[in-house]
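Participant: Numbering (the working numbering), first residue to last: 12 to 397.
All residues carry an ideal CB built from backbone N, CA and C; glycine is no exception.
#1: Could you tell me the distance, in whole angstroms, from the CA atom of residue 106 to the CA atom of residue 152?
#2: Within 10 angstroms of the Cβ of residue 253, are there 16 or more other Cβ atoms? Answer buried if so, exposed if not.
#3: On a CA-only basis, which of 118, 391, 199 and 186 is nearest residue 162? Give me that one, please.
#4: What are the start and end residues of the beta strand (DSSP E) that includes residue 142?
#5: Give me the Cα-Cα distance between residue 321 and residue 282, rounded to the nearest whole angstrom.
#6: Could you check where the beta strand (DSSP E) with residue 277 kicks off and where it finishes?
#7: Please state the DSSP three-state secondary structure of residue 305.
#8: If you draw a straight line from the C-alpha of residue 267 to the C-alpha of residue 198, how long is it?
#9: Can you give me the C-alpha to C-alpha distance between residue 237 and residue 349, rounded to a whole angstrom?
#10: Pull up the distance between the alpha-carbon of residue 227 and that of residue 116, whole angstroms please.
#11: Just list the residues that DSSP pairs residue 241 with in beta bridges.
#12: Could you say which of 377, 345, 375 and 332 lies nearest to residue 389 if we only look at CA atoms?
#13: Measure the alpha-carbon distance for residue 220 versus residue 342 and round it to whole angstroms.
#14: For residue 259, which three-state DSSP category applies?
#15: Pull up the distance between the alpha-carbon of residue 296 and that of residue 261, whole angstroms please.
#16: Where does the unbroken beta strand (DSSP E) through residue 206 begin, and where does it stop?
#17: Within the continuous beta strand (DSSP E) that includes residue 252, where are the two ends?
#18: Using the three-state DSSP reduction, which class does residue 57 fall into: helix, strand or coil?
#19: Tell me the residue span of the beta strand (DSSP E) that contains residue 373.
#20: Within this structure, are the beta carbons of residue 141 and residue 131 separated by less than 7 angstroms?
#21: Of the residues 88, 123, 275 and 318, which one's Cα is nearest the Cα of residue 336?
#22: Just the Cα atoms here: how many angstroms apart are residue 8 and residue 259?
#23: Checking 7 angstroms against the spacing of the C-beta atoms, do residue 167 and residue 149 come in under that value?
#24: Rounded to a whole number of angstroms, what is the C-alpha to C-alpha distance between residue 200 and residue 98?
#25: So, under 8 angstroms CB-CB, residue 35 and residue 183 are touching, yes? Tell me the CB distance rounded to an integer number of Å.
#26: How many Å lie between residue 385 and residue 157 at the Cα?
#27: Go ahead and pull the three-state DSSP assignment for residue 46.
#28: Just checking my contact of residue 358 with residue 42 at CB under 8 angstroms: how many whole Å lie between their CB atoms?
#29: Taking 6 angstroms as the cut-off, does the CB of residue 390 come closer than this to any heavy atom belonging to the ligand PLP?
#30: Enumerate in chain order the residues of its own chain whose CB-to-CB distance from residue 39 is below 7 angstroms, with the five nearest sequence positions on each side excluded.
#31: Quick one: what's residue 34 bridged to in DSSP?
#32: Return the CA-CA distance between residue 299 and residue 305, expressed in angstroms with no decimal places.
#33: To test your reading of the DSSP string, which unbroken beta strand (DSSP E) runs of 3 or more residues are found completely within the stretch 81–153?
#34: Are the CB atoms of residue 60 and residue 180 nearer to each other than 7 angstroms?
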């Protein structure tokens, strides 16, 4: 599961003067900075925009969090992330709202129904609080849901949601208080594995982490480092205020997810499996997506809801659907390719990367060196069940 970092770095206790740069001030980047400062490491974060301002992926994410994974590594990371979210919520750093996560397949969708039936026992083997739930029981628990055509459904009790932008701002502020240098509105260019250039000049570091979301591939390319990463566009919206008691829900047949939101419901998908230029893409939601959500909410809860706000964001895909996390070249680390699951794993992934940056173990299955960097592949939606 874990791989030993190949860089020659002394043990963690002697690394008080180590100097690390993080390119990207999203949820993962600021979490890494926070974890490193707690170890006495000097950290500088370079963010091209503002922290949690909604222009980057962390500010446009759904904030859905769960540990319902069939794979052992994903389940472990998910559980660790949820534990950290809850702990920080108790400490008052963030606001985490517990809420069960339901996923289902409808009549006629034999492929996804079979996938759910196969995956739930595997989740249970990993100790996840997951079970099948009959449609009648689901209807009793959440009367607002339409379940008359549900073929199979499962529920994960250990789940919840939060505001990704608020999380990112809070953890960045904690990192700042712990001694990290957070440089916003500061585009950074990677000139070599451990050298960064900004408008004020060049600076060398002991290690550099690139966690720049959809821009990660482009940032690395400036130093002639290749990774197989494709940004793709997704869409979401919120509805106007209405009292609807629903869980977090992923309708595998319809391809939509929803969760409670302070303004009504948060509904998302609108995935376009087309590689996008991270600097040139439409940040507004398409009319067809808003109309499709109107139709879907009628399917899911029996009525259409007025849209309050709608937008698009970018996710990133990899050839095998797993992220690229770890050391790409000596001293140069990467954290990208989340397939839409980056925010929900940020606390755990951030802690793991911080540990690896100072000579600890990484996650072997996510090792970015498993690819040459020039692989050809199709974008597969991260939320789908196969």
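Facilitator: In short:
#1: Working through the chain shown from its first residue, we reach residue 106 at position 95. Working through the chain shown from its first residue, we reach residue 152 at position 141. Rounded to the nearest angstrom, the two C-alpha atoms are 25 angstroms apart.
#2: Translated into positions along the chain shown, residue 253 becomes position 242. Classification for residue 253: exposed.
#3: Working through the chain shown from its first residue, we reach residue 162 at position 151. Looking at the Cα atoms, 118 is the closest of the given residues.
#4: The residue given as residue 142 occupies position 131 in the chain shown. Start and end: 141–143.
#5: The count along the chain shown starts at 1 and reaches residue 321 at position 310. The count along the chain shown starts at 1 and reaches residue 282 at position 271. Residue 321 and residue 282 have their C-alpha atoms roughly 14 angstroms apart.
#6: Translated into positions along the chain shown, residue 277 becomes position 266. From DSSP, the beta strand (DSSP E) with residue 277 extends over 275–286.
#7: Counted from its first residue, the chain shown places residue 305 at position 294. Reduced to three states, the DSSP call for residue 305 is helix.
#8: Within the chain shown, the letter at position 256 stands for residue 267. Within the chain shown, the letter at position 187 stands for residue 198. Residue 267 and residue 198: Cα-Cα distance of roughly 35 angstroms.
#9: As a working note, residue 237 is residue 226 in the chain shown. As a working note, residue 349 is residue 338 in the chain shown. One alpha carbon belongs to residue 237, the other to residue 349, and they sit about 17 angstroms apart.
#10: Locating residue 227 in the chain shown gives position 216, counting from the first residue. Locating residue 116 in the chain shown gives position 105, counting from the first residue. Cα-Cα distance, rounded: 35 angstroms.
#11: Counting from one through the chain shown, the residue named residue 241 turns up at place 230. 328.
#12: As a working mapping, residue 389 is identified with position 378 in the chain shown. Selected option, being the one with the closest Cα: 332.
#13: Locating residue 220 in the chain shown gives position 209, counting from the first residue. Locating residue 342 in the chain shown gives position 331, counting from the first residue. Distance between the alpha carbons of residue 220 and residue 342: 8 angstroms.
#14: For the purposes of this step, residue 259 is taken as the residue at position 248 of the chain shown. If DSSP states are grouped into helix, strand and coil, residue 259 belongs with the strands.
#15: One-based indexing of the chain shown puts residue 296 at position 285. One-based indexing of the chain shown puts residue 261 at position 250. For residue 296 and residue 261, the distance between alpha carbons rounds to 20 angstroms.
#16: Mapped onto the chain shown, residue 206 falls at position 195. Where residue 206 is concerned, the enclosing beta strand (DSSP E) stretches over 206–209.
#17: In the chain shown, residue 252 corresponds to position 241, counting from 1. Residue 252 -> no beta strand (DSSP E), and no H or E assigned at all.
#18: In the chain shown, the residue the question calls residue 57 occupies position 46. If DSSP states are grouped into helix, strand and coil, residue 57 belongs with the strands.
#19: Walking along the chain shown from the start, residue 373 turns up at place 362. Taken as a continuous stretch (DSSP letters only), the beta strand (DSSP E) holding residue 373 covers 372–374.
#20: Along the chain shown, one-based indexing puts residue 141 at 130. Along the chain shown, one-based indexing puts residue 131 at 120. Yes. Within cutoff.
#21: Here residue 336 refers to the residue found at position 325 when the chain shown is read from its first residue. Sorting 88, 123, 275 and 318 by C-alpha distance to the C-alpha of residue 336 places 88 at the top.
#22: Look at the range of the chain in this structure, 12 to 397, and you will see that residue 8 is not part of it.
#23: Mapped onto the chain shown, residue 167 falls at position 156. Mapped onto the chain shown, residue 149 falls at position 138. The answer is no: Cβ separation not under 7 angstroms.
#24: As a first step, residue 200 must be located in the chain shown, where it is residue number 189. As a first step, residue 98 must be located in the chain shown, where it is residue number 87. Here the C-alpha atom of residue 200 lies approximately 36 angstroms from the C-alpha atom of residue 98.
#25: Translated into the one-based positions of the chain shown, residue 35 becomes position 24. Translated into the one-based positions of the chain shown, residue 183 becomes position 172. In fact, because the Cβ distance is near 11 angstroms, the residues do not count as touching under 8 angstroms.
#26: Here residue 385 is taken as the residue at index 374 of the chain shown, counted from 1. Here residue 157 is taken as the residue at index 146 of the chain shown, counted from 1. Those two C-alpha atoms are separated by around 45 angstroms.
#27: Start at 1 with the first residue of the chain shown, and residue 46 comes out as number 35. Residue 46 falls in the helix class under three-state DSSP.
#28: Against the chain shown, residue 358 aligns to sequence position 347. Against the chain shown, residue 42 aligns to sequence position 31. Confirmed, about 6 angstroms.
#29: Ligands are entirely absent from the displayed structure, and the ligand PLP is therefore not among its contents.
#30: Position 28 of the chain shown holds residue 39. Taken in chain order, the residues that qualify are 222, 346, 353, 357, 360 and 361.
#31: Here residue 34 corresponds to residue number 23 of the chain shown, with the count starting at 1. BP columns for residue 34 point to 57 and 221.
#32: Position 288 of the chain shown, counted from the first residue, corresponds to residue 299. Position 294 of the chain shown, counted from the first residue, corresponds to residue 305. Residue 299 and residue 305: Cα-Cα distance of roughly 10 angstroms.
#33: 112–117 and 141–143
#34: The residue you call residue 60 lines up with position 49 of the chain shown. The residue you call residue 180 lines up with position 169 of the chain shown. Their beta carbons are not under 7 angstroms apart, which means residue 60 does not touch residue 180 by this criterion.
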